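Protein chains: 6
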Amino acid sequence: MRVDNRKYDELRPVTITRNFTKYSAGSILVASGNTKVICTASIEEYVPPHIKNTGTGWITAEYSLLPGATPSRVPRESTKGKISGRTHEIQRLIGRSLRAICDLALLKERTIWIDCDVIQADGGTRTAAITGGYIALADAVQWLIDKNVIKENPLINSVAAISAGIVNNIALLDLCYAEDASAQVDMNFVMTGSGKYIEVQGTGEEYAFDEDQLAKMLTLARKGICEITEIQKKALGT
Amino acid sequence: MRVDNRKYDELRPVTITRNFTKYSAGSILVASGNTKVICTASIEEYVPPHIKNTGTGWITAEYSLLPGATPSRVPRESTKGKISGRTHEIQRLIGRSLRAICDLALLKERTIWIDCDVIQADGGTRTAAITGGYIALADAVQWLIDKNVIKENPLINSVAAISAGIVNNIALLDLCYAEDASAQVDMNFVMTGSGKYIEVQGTGEEYAFDEDQLAKMLTLARKGICEITEIQKKALGT
Amino acid sequence: MRVDNRKYDELRPVTITRNFTKYSAGSILVASGNTKVICTASIEEYVPPHIKNTGTGWITAEYSLLPGATPSRVPRESTKGKISGRTHEIQRLIGRSLRAICDLALLKERTIWIDCDVIQADGGTRTAAITGGYIALADAVQWLIDKNVIKENPLINSVAAISAGIVNNIALLDLCYAEDASAQVDMNFVMTGSGKYIEVQGTGEEYAFDEDQLAKMLTLARKGICEITEIQKKALGT
Amino acid sequence: MRVDNRKYDELRPVTITRNFTKYSAGSILVASGNTKVICTASIEEYVPPHIKNTGTGWITAEYSLLPGATPSRVPRESTKGKISGRTHEIQRLIGRSLRAICDLALLKERTIWIDCDVIQADGGTRTAAITGGYIALADAVQWLIDKNVIKENPLINSVAAISAGIVNNIALLDLCYAEDASAQVDMNFVMTGSGKYIEVQGTGEEYAFDEDQLAKMLTLARKGICEITEIQKKALGT
Amino acid sequence: MRVDNRKYDELRPVTITRNFTKYSAGSILVASGNTKVICTASIEEYVPPHIKNTGTGWITAEYSLLPGATPSRVPRESTKGKISGRTHEIQRLIGRSLRAICDLALLKERTIWIDCDVIQADGGTRTAAITGGYIALADAVQWLIDKNVIKENPLINSVAAISAGIVNNIALLDLCYAEDASAQVDMNFVMTGSGKYIEVQGTGEEYAFDEDQLAKMLTLARKGICEITEIQKKALGT
Amino acid sequence: MRVDNRKYDELRPVTITRNFTKYSAGSILVASGNTKVICTASIEEYVPPHIKNTGTGWITAEYSLLPGATPSRVPRESTKGKISGRTHEIQRLIGRSLRAICDLALLKERTIWIDCDVIQADGGTRTAAITGGYIALADAVQWLIDKNVIKENPLINSVAAISAGIVNNIALLDLCYAEDASAQVDMNFVMTGSGKYIEVQGTGEEYAFDEDQLAKMLTLARKGICEITEIQKKALGT
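Protein chains in written order, with the working numbering: chain A, 2 to 239; chain B, 2 to 239; chain C, 2 to 239; chain D, 2 to 239; chain E, 2 to 239; chain F, 2 to 239.
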């Protein structure tokens, strides 16, 4: 039995609140159990230098923990004057994941910023950010279509993410913080709504895992993504 | 008639939600019209160097705008690598205001961090942060008392803040963003629950104001603070 | 009786030396008692991005303490790699104060930099910087007129600044460092030569003040500014 | 046929030169085709704060590209004043991989730094850095044993790394730069000498991959790691 | 004939004003023609880490140009967030020069900071800073002796500095800015009062110089240092 | 007898390996005894702002120690977030030295970057970097000529560098680290192949030196440069 009474292959409850704040083109509060993330999508009419004048668009993400998101306060990265390696990794992951399901040429030369600010952290913040970031992105894209800025929908699929891991030699789906802290292996999966992989990242924590354990985690992840994809569809009413 | 149909001496609706998130000693969502700020209070068992080994405590504040808080995205200060002069000013103001109503010696050698993260910005974010920050502080202090960490309540008063200004030569209470952007004078007032001043800050925006205008703004501010103090009392159930 | 034998409403002696150094369009040494500040005005033929191509000019200020300005050495902000919150606040205040008395459109698209470097600090450095910065600005503007770069004088008023405070429950004008360090309230006033307010900033130091105390400080400040304005006029020979 | 005439499951030639420089406890030049990395191991008699006084040791890695390592010069991160997200990711990966095969308690309270400086880059620099970093680590550990600083060898396994990817829908082992630049999927594998996974990281580049493709890359990686492990054994003479 | 009518081997007038400001242990205004530098000496009761607990003292210097020191404004290094290579070079030179004439063991475990702030720059600012810095140091040392903090004078010699250069193939002493800007060779010499070299630094500006030119500059420098040493003695009344 | 059995006027063996890596226009491994430096030359088709649109080219240098280059690990400057004063000095010296022997107008509007990365440090790294940097520059220039990018060779001379110093009151040529660490005087000389000075930099380490000692070091340096110039010629086959 898991720390929060879930079965080994059971997700925490996922809720998605749209229009959480009112000034962004997309604004989502996504909860996965006690993990809560605000994902906003903002549109800017320019692109980064490396694709300037190519007619193509860009999606980029930033990620931050609010200082009060965890029981012991997390110092702000703005105060420290630089972004940690962990933050860098996470926001690059979110950005890549969202770009993978978008035909950036159809977006035209503009950037959609996905800002993921964790207000309550209980493990799985990066996967929740991807799951919610997709809804924020979808709302921003719809905003562009409604305003006749673009004609065709550039999103070619949906995307969601989930973790799986090995804890006490048992493969578990969707680790909460307590499980994550004692996990032997922690994997994150980003997958499309049609069941293909975008990212697979697994790390043994002073531990090495075998073929069989990898296979079990892959199976759990596929089940979890499938369920989250349904929740995303419902949230968007599609 | 004002842009949002208020009278010249009318506050925007103020709402205070306690226990907004679950991992901080105090966690508040304060709204003042469309301005919404999350204020959390975190306790750390050490103090800054300048008061180390004096037996006295400290209260400090940090302030940030979430990138999606305004219609055009605000770049993160963590990404820019440094905190702006405006942010510095605001977080110093919040910290001073909260320390002014606390007997720091009774807090003993520990720090209470008040983190104010604006999730929706429509003017008056710093005054809302003080108004809400006080409630977060009060909850954190109660948490310390409940846990028997301290015996006596170090808070000797309540504190709230509000703006007043001159727009088109008319003195107005509690400027929203549209009013603030065209104001000739913008003043912020921090006052105790018993009606004394902690901070008075007024700035003519390429404009100089006279004795009479100053007197009108002082009167408006006293009225506004009085009303907010009542809302704070109700929120705390005192 | 005050620490330096002044009456409660008495200014420290103010002296203004023009042409203190020879390479700037304006260069002033201003002394207010033992506080001494070098204020230079430098002209650059461009403006900050936010007003580019508007045809209007800009005035901006920077402020610094020389390391040897106080009895215990002040580390350089260049060595620390960033500017403190206090410095940010002060240089924003000086800049706003000087812009408030200038018709920036008449200055045309150029920037006047006012650099205020404190060589000896005994309290009131920011107010001395404004008082002296105005003279440096006036000299720079005259330089532009003499060189036929601009035709009309953009300065529509003079500006000066002074502090007042509450020390041992008594309202005092122009606090020196020893008074400032033990003050209950410290206020800074920036006013035009015609007696209007540009900035009013008052702070209770772990203390809250009432209507009556505020009124007394306002009265002291008006008297002080009036006297400084006369000294400024004499210095400029107007 | 691949760009450099290799078969789909063929490694580039791997060479390992020990004692490449003379002042480090371990110093390796590792080449994988045209990719060349200097890996040095330096020992310091202290540990990072988070494990201080636990009696346990630490292994950490840093990674850098020399500016002339690629056809178009790479600006130094020291000049830019900060480390990129990519560098952060890579050096965290190298450090985790080496810690995973070491019993840090046997290392005692000291740190081994593995510095990986790429002098020639043709793809696969991070995997070469792990492969060579292991040899540098092994040499440094032997140095400690030879000097009687530690008694027991803390290395419980060997570790090596390799990439696999999908290029033009075909799964390939050990991508060179030209292949990597056009890859649909790029995966990096870190495995122990006994064939277990430490890290699995796969990324679709604006592409999603299926179960079958993943399986093919896993198979290729296992083959490649197996061969590299033999080369490592030979280099160490074990 | 030189730009300011000096002979080839003629110094600009050097004046030294002691006690220029009142809060430092030493405070000098040194002028060399139109170049003017404030040099203050501040004493701190600790030393840098590398000599901690050795019982020996330290002398360190910092150097800065005030923004208004030159006809076109010099941006502050505090605003740029880092110190330029040129500033680094100069302050290291000043520090080394002053340490070379001091028996640091006699100073005991404390640091004397020499801060050199150029208020007017017409070439030769670093050499003026050394010449004036020595007087500030001497005053600070005397202050320590007068206060009975140290018993023996740690200064074993005086130190002064001057430039020489080749302009239009002619060797000149003490280059002003206009000469320096067109010089083929620019050399700086730091020498003791007894005529020995502490530093010799010569640079051809896209030019290479021969033995004979070097000899001429050495001769000029010896003459100049000799004269400055006399002025220093007079200033100190020794 | 010296620590490594050399005579007082004897160079350490100098070896120059061309084409050390394959992706740069010039790539040299230069060794001077145990000091080893990789010098690469990279060409970029733009110039720094201060010479933009003048039609003239630029040569600039960067210098770094690999962390494992010395017995106790040197922290990376990229990790510290800024370049030390020492590094600044060295890279400015290398850049000036190489520019001094190049007719930059003939290079046309492009920049040659000389990157000097020390892989093994035993004193004299900056002089080895100049000696090797010249060969890398010569190879890059030849590359430009071979590719018909420029017609005329802009190099008007060769350049080499060497140290001399006073150790135990004896003048020595080419100090190794152990000698440098105990030297009373340390001088670096940069000279052209035709025997003229580009840079002369001598520093007494808490020591002052006289005319005679200076003369001896000058003589040693001339001998050393002469020998290195021959080695450079041989390496280039000219």
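Beta carbons: idealized from backbone N, C-alpha and C, even for Gly. All values reported here derive from a predicted model rather than from experimental measurement.
Hey, would you say residue i sits closer than 9 Å to residue j, going by beta carbons?
i	j	result
Ile115 of chain A	Ala172 of chain A	no
Thr61 of chain D	Gln92 of chain D	yes
Gln121 of chain F	Tyr24 of chain D	yes
Leu174 of chain A	Lys224 of chain A	yes
Ala101 of chain B	Val160 of chain B	yes
Thr137 of chain D	Gly27 of chain D	The amino acid occupying residue 137 of chain D in the given sequence is Ala; Thr does not appear at that position. Closer than 9 Å, so yes.
Arg127 of chain E	Ala179 of chain E	no
Asp104 of chain B	Ile157 of chain B	yes
Gly203 of chain D	Met192 of chain D	no
Arg13 of chain F	Ile29 of chain F	no
Thr36 of chain F	Val119 of chain F	yes
Glu196 of chain D	Ile226 of chain D	This sequence places Gly at residue 196 of chain D; Glu is not what is there. Closer than 9 Å, so yes.
Lys234 of chain A	Gly194 of chain A	yes
Ala32 of chain C	Val15 of chain C	yes
Leu94 of chain C	Asn189 of chain C	yes
Thr112 of chain B	Pro155 of chain B	no
Measure the C-alpha to C-alpha separation of residue i and residue j and round it to an integer number of angstroms.
i	j	result
Glu45 of chain F	Arg74 of chain D	8 Å
Ile199 of chain B	Cys117 of chain C	29 Å
Phe210 of chain B	Glu11 of chain C	25 Å
Asp181 of chain A	Ala222 of chain A	15 Å
Ile17 of chain D	Gly134 of chain D	11 Å
Tyr47 of chain F	Gln143 of chain F	19 Å
Ala106 of chain B	Gly125 of chain E	55 Å
Gly205 of chain B	Gly166 of chain B	9 Å
Cys40 of chain A	Ala216 of chain B	44 Å
Ile131 of chain B	Asp187 of chain B	17 Å
Glu207 of chain F	Gly58 of chain D	40 Å
Which residues does DSSP pair with residue i in a beta bridge?
i	result
Lys4 of chain A	Reading off the sequence shown, one finds Val at residue 4 of chain A, where the question assumed Lys. Answer is none; Val4 of chain A lacks a bridge partner.
Cys103 of chain E	E:Leu156
Asp118 of chain F	F:Ile39, F:Ser65
Tyr198 of chain D	A:Phe210, D:Met192
Ala222 of chain E	For Ala222 of chain E, which the question treats as bridged, DSSP gives no partner whatsoever.
Trp59 of chain B	B:Thr112
Val168 of chain D	D:Ile171
Leu12 of chain F	None; Leu12 of chain F has no bridge partner.
Ala161 of chain C	C:Met192
Mind listing which residues of the segment 44-57 of chain F have their C-beta closer than 9 Å to chain E's C-betas, in chain order? none
Taking 8 Å as the cut-off, does the segment 66-81 of chain E touch the segment 221-239 of chain D (at least 3 CB pairs, one atom from each stretch)? no
For the segment 121-150 of chain F, enumerate the residues whose C-beta is nearer than 7 Å to any C-beta of chain D, in chain order. Gln121
Can you pull out the residues from the segment 77-90 of chain D whose beta carbon lies closer than 9 Å to at least one beta carbon of chain F? Arg77, Glu78, Ser79, Thr80, Lys81, Gly82, Lys83, Ile84, Thr88
Taking any Cβ of chain F, which residues in the segment 173-193 of chain E have a Cβ under 7 Å from it, in chain order? Thr193
Using a Cβ cut-off of 9 Å, which residues of the segment 197-214 of chain A contact any Cβ in chain D, in chain order? Lys197, Tyr198, Ile199, Glu200, Val201, Gln202, Gly203, Thr204, Gly205, Glu206, Glu207, Tyr208, Ala209, Phe210, Asp211, Glu212, Gln214
Report the residues of the segment 28-43 of chain B with a CB closer than 8 Å to any CB of chain A, ordered along the chain. Ser28, Asn35, Lys37, Ile39, Thr41, Ala42, Ser43
Just by C-beta distance, which residues in the segment 89-107 of chain D are closer than 7 Å to chain A? His89, Glu90, Arg93, Arg97, Arg100, Ala101
Note down, in chain order, all residues in the segment 58-74 of chain E with a beta-carbon under 9 Å from any beta-carbon belonging to chain C. Glu63, Ser65, Leu67, Pro68, Gly69, Ala70, Thr71, Pro72, Ser73, Arg74
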